[in-house]
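The structure appears right after this line, and notes come after that.
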Amino acid sequence: MTTLTPLRRFTFPILAECISPDNFTGKTCKEAGRLNVWEGNKEKKLSDLFKIAESEPETATITIQGDVSKVRRIGANMKTGAILINGNTGSHLGEEMRGGRIIVCGNVGGWAGSMMRNGVIEIHGDAGDYLGAPYRGSTQAMRGGEIVVHGNVGNEAGCHMKGGVIKVHGSAGQFIGFHMSDGTVYVEKDCQSRIGACMTSGKIIVGGVLESVLPTFTIDCIRPKVKVGDEEAVEGPFYVFLGDIVEEGDGKLYVRKEKNPHLSHFEKLL
Amino acid sequence: MELLLRNGFVYDPVNGVKGDRMDIAIKDGKIVDCVNESKAEVLDVTSMVVMPGGVDIHSHIAGSEVNTGRLIRPEDHFRDCERKTAVTRSGVGHSVPSTFTTGYRYARMGYTTVMNPSMSPLEAKHTHEELNDTPIIDKATYPLLGDWWFTLEYVKNGDLKGLARHVAWMINCTKGYAVKIVNPGGLEAWGFGNNVHSLDDQVPRFSTTPREIIRGLCKANQLLNLPHTIHVHTNNLGMPGNYVTALETMQCVEDLATDDKPVIHITHCQFSAFKGEDWRTFESGSEEIANYVNCHSHVTVDMGQVIFADTTTMTADGPFQYNLYRLTGHKWANHDVETETTAGIVPFRYRRKNYVHATQWAIGLELALLIRDPWKVFMTTDHPNAGPFTAYPRIIAWLMSKKAREATMKRINPHAARRGLLGSIDRELDFSEIAIATRAGQAKALGLRNKGHLGAGADADIAVYDVNPETTDPSREYRTVRKALRRAAYTIKGGQTVAKSGEIVASPDGSTFWLDVKTAEPAEVGEEMKAKFRDYWTVEYENYPVPEHYLSVSQPITVKAGV
Chain A
986 MTTLTPLRRF TFPILAECIS PDNFTGKTCK EAGRLNVWEG NKEKKLSDLF KIAESEPETA
1046 TITIQGDVSK VRRIGANMKT GAILINGNTG SHLGEEMRGG RIIVCGNVGG WAGSMMRNGV
1106 IEIHGDAGDY LGAPYRGSTQ AMRGGEIVVH GNVGNEAGCH MKGGVIKVHG SAGQFIGFHM
1166 SDGTVYVEKD CQSRIGACMT SGKIIVGGVL ESVLPTFTID CIRPKVKVGD EEAVEGPFYV
1226 FLGDIVEEGD GKLYVRKEKN PHLSHFEKLL
Chain B
57 MELLLRNGFV YDPVNGVKGD RMDIAIKDGK IVDCVNESKA EVLDVTSMVV MPGGVDIHSH
117 IAGSEVNTGR LIRPEDHFRD CERKTAVTRS GVGHSVPSTF TTGYRYARMG YTTVMNPSMS
177 PLEAKHTHEE LNDTPIIDKA TYPLLGDWWF TLEYVKNGDL KGLARHVAWM INCTKGYAVK
237 IVNPGGLEAW GFGNNVHSLD DQVPRFSTTP REIIRGLCKA NQLLNLPHTI HVHTNNLGMP
297 GNYVTALETM QCVEDLATDD KPVIHITHCQ FSAFKGEDWR TFESGSEEIA NYVNCHSHVT
357 VDMGQVIFAD TTTMTADGPF QYNLYRLTGH KWANHDVETE TTAGIVPFRY RRKNYVHATQ
417 WAIGLELALL IRDPWKVFMT TDHPNAGPFT AYPRIIAWLM SKKAREATMK RINPHAARRG
477 LLGSIDRELD FSEIAIATRA GQAKALGLRN KGHLGAGADA DIAVYDVNPE TTDPSREYRT
537 VRKALRRAAY TIKGGQTVAK SGEIVASPDG STFWLDVKTA EPAEVGEEMK AKFRDYWTVE
597 YENYPVPEHY LSVSQPITVK AGV
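Which chain is which? The protein sequence lines are A and B, in order.
Start counting the first sequence at 986; every next residue gets the next number (the working numbering).
Start counting the second sequence at 57; every next residue gets the next number (the working numbering).
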């Protein structure tokens, strides 16, 4: 296990895709300290920014102690091992991640799990916008793996999503599952509007209050419960909407019936 | 400033030099017969290939269309960034690189002259601003005149001389180099949501036809003695069965040819060589096109070779881009340029395993290999429509080596590989033919007398590649050739070494060529036309022309017109 502690409070954005267990395996603290990072427009060594200590060298785990909210792309492209962060973290956490596990005890910036293929990201705090979304302009979003957020998330979580599961135990912003074509997004609490816009397939579940359903969704039925991922099921009952019709989509939107009496007028269309 | 390239294997097809060991002498930016060896800087290029600097006849590198492509594709920049160095600026972009990066990347591959093939006249100023910011390479741009309202009116009225004078005025006014025609008639129709589907369809509101537009502009082009022929993007581009339209387009100007000189250039011919009734019965029509081109001397074509990559399609052919958007469901930018033309942009990924894409890949190569005369078929990717220009070394490897083609064919859609002609073609181009297809032929077709050859008096634009043609067999060692072509050992532009081992060492400004067409009587810009500018354009007549001082390095070529 390697422990990284910030040597000072960072003011400039730092690009540190080298912080991943794949890069640290087989390296001593000194060697790991020679990995390149960018602080603002200056190229630096990892040891210029962090104190690096090693214990139990056989486990592929990196622990970061302290606030790294200016540090971006931690765990990018990681395939194995684990990263544990005790503090707030910057954007693009676990970008294009292919395996392993990232646990954050703190808040995370935007684009966490962007373009991820596999692995698990667990966030014991809030996540920013674009959770599991692709890079701006791209359609290559999250394709597999799991993201669990115990706090709230911002806008456009699961945008362009093509697979995997996002579970949010708090509330979510607007445009959840925008353009999604597969996978599952579960929001335990409330959700703002425009959910599932342009979705062609996949599943979005809202356990709390949903402000409104887009007019391009049509009610299909009422279901007593719904599966989230392979094992977990959530008890309902749920209104099931299909859409987005303008995209000729057959995505499913599940909205908890008891929390959303303002949607009861849809029942007469059944 | 004198420079001597010593002892290279020189390929200069215009002057009949085919791989002879020679010295090339340069003085004051021109190639000369000899220089004072004691004073000149000597570059030892023993066992390297020396060719004229590359010339690209068709590559979208500047203008509002390209810039919109940049704007809608941040993900294209994200994975391809270049840091600044002591001499270069930073830049981004894989399929639509930023202007400076475009210049550097061309120079790295030994290219020194690039033609920007599509400029809406209204956006000429923007295009020239971007060309000014594209360093090292010489460039020129073709205004789109095929759907321009005045062209359509002159064609409708049958006033050929008036049309010629008007074209001359437009070329002067936009600082253009050749007449570009895109989907003649179709773009005017697209302004109202329609298209034309054959050469004899009526263009709405103008009671003329695509055939009359092409013939009219071809005759005007001849009357004006323009150095390049008309540059045509055919009707029905990208639709199955369109090889018939391409053949009809070539046939429709057959009678206008005199003394074996080309009168029409069919650009990115791969997109116009589709056979079949729909996408399910889609197949290659390259054989029919190649047979026609082999039997006729009035036509030249360029490949528009597909590269299996993520790229950005952009053409002035609005209806085609709309179809592509419907096909892919990807993002789409559409533009109706007032009374002049249209434009569309759709990101696109060519996939090896897709039958249609794999067949398209084969069509480009089939055209280049089945057309026997390399002076008639030029290497392009219609950058960035079929792939980025940075893939040229890969295309050269496919053209020079059957083994390279077979290696790729193993990885493409098996149905496409079995059904196509490509597997049965044994032809392999040699360095001399490559020099024609990538520089000499293109310079000749463009009428650039000082480019594309290494005779005394030519511009000292030279590419040196670190590959020994005596010991390297491109047919087997295509990887070595490909690697050498990616990064030129030396690129010399105007007598100055600009790239060394693929690194940019100097970044001078390139020139912008334009035609100063001298007609016997100046084109009439009557009060009626000025009034129309006020009625139909967002730009006033007085602000419309691009003044010469707008071009940072202006190189006018004076043409004496026969009208």
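Note that the Cβ used here is the ideal one computed from N, Cα and C, for glycine as well.
Tell me, to the nearest whole angstrom, how far the beta carbon of residue 572(B) is from that of residue 612(B); I am working on the premise that it is less than 8 Å.
4 Å
Less than 7 Å between the C-beta atoms of residue 411(B) and residue 472(B), yes or no?
yes
Does the structure place the region 1240-1252 of chain A close enough to the region 468-482 of chain B that three or more beta carbon pairs sit under 8 Å?
no
Unbroken alpha helix (DSSP H) run spanning residue 1078(A), endpoints:
Note, residue 1078(A): premise wrong, no alpha helix (DSSP H); not H, not E.
Got a sec, what are the start and stop residues for the beta strand (DSSP E) residue 60(B) sits in?
58-68
Can you grab the Cα-Cα spacing for the pair residue 87(B) / residue 553(B), in whole Å?
14 Å
For the alpha helix (DSSP H) that residue 266(B) lies in, which residues bound it at each end?
266-279
Candidates 282(B), 600(B), 414(B) and 307(B): closest to residue 616(B) by CA position:
282(B)
Quick one: what's got a C-beta closer than 6 Å to residue 468(B)'s C-beta in the same chain, skipping five residues either side?
408 and 414
Could you please give the first and the last residue of the uninterrupted beta strand (DSSP E) stretch that includes residue 212(B)?
Residue 212(B) -> not in any beta strand (DSSP E); alpha helix (DSSP H) instead, spanning 205-213.
Under 7 Å, do residue 375(B) and residue 330(B) count as touching if we go by C-beta distance?
no
Using the beta-carbon count (16 or more within 10 Å), is residue 358(B) buried or exposed?
buried
Three-state class that DSSP yields for residue 364(B) in the structure shown:
coil
With a threshold of 7 Å between beta carbons, is residue 138(B) in contact with chain A?
no
Comparing the C-beta of residue 130(B) with each C-beta of chain A, is any distance below 7 Å?
yes
Below 7 Å between beta carbons: does that hold for residue 147(B) and residue 134(B)?
no
With DSSP collapsed to three states, give me the class of residue 308(B).
coil
Closer than 9 Å by beta-carbon distance: list the chain A residues that pair up with residue 134(B), in chain order.
1120, 1121, 1122 and 1123
Between which two residues does the beta strand (DSSP E) holding residue 1206(A) run?
1203-1213
Report yes if the CB atom of residue 1185(A) is closer than 7 Å to the CB atom of residue 1232(A), and no otherwise.
yes
Endpoints, the alpha helix (DSSP H) within which residue 218(B) is located:
216-230
Excluding the 5 residues preceding and the 5 following residue 187(B) in the sequence, name in chain order all residues of the same chain whose CB lies nearer than 6 Å to its CB.
118, 195 and 568
Name the residue from 364(B), 312(B) and 300(B) whose alpha carbon lies nearest to the alpha carbon of residue 340(B).
300(B)
Starting from residue 537(B) and walking both ways along the alpha helix (DSSP H), at which residues does that stretch end?
534-542
What are the complete alpha helix (DSSP H) segments, minimum 4 residues, inside the region 90-134 of chain B?
120-128 and 130-134
Extent of the continuous alpha helix (DSSP H) to which residue 186(B) belongs
180-188
Once DSSP output is grouped into helix, strand and coil, what is the label at residue 1044(A)?
coil
Could you check if residue 143(B) is buried or exposed, using at least 16 other CB atoms within 10 Å of its CB as the buried criterion?
exposed
Hey, quick one: how far does the beta strand (DSSP E) through residue 1148(A) stretch, first residue to last?
1147-1153
State the beta-bridge partners of residue 357(B) as determined by DSSP.
322(B) and 433(B)
Using a 10 Å radius around the Cβ and a threshold of 16 neighbouring Cβ atoms, would you call residue 1055(A) buried or exposed?
buried
Could you give the DSSP three-state label for residue 248(B): helix, strand or coil?
coil
Residue 88(B) - partner residues in DSSP beta bridges:
81(B)
Quickly, what does DSSP pair residue 1172(A) with across the bridge? List them, please.
1153(A) and 1191(A)
Determine the DSSP secondary structure at residue 1086(A), reduced to helix, strand or coil.
strand
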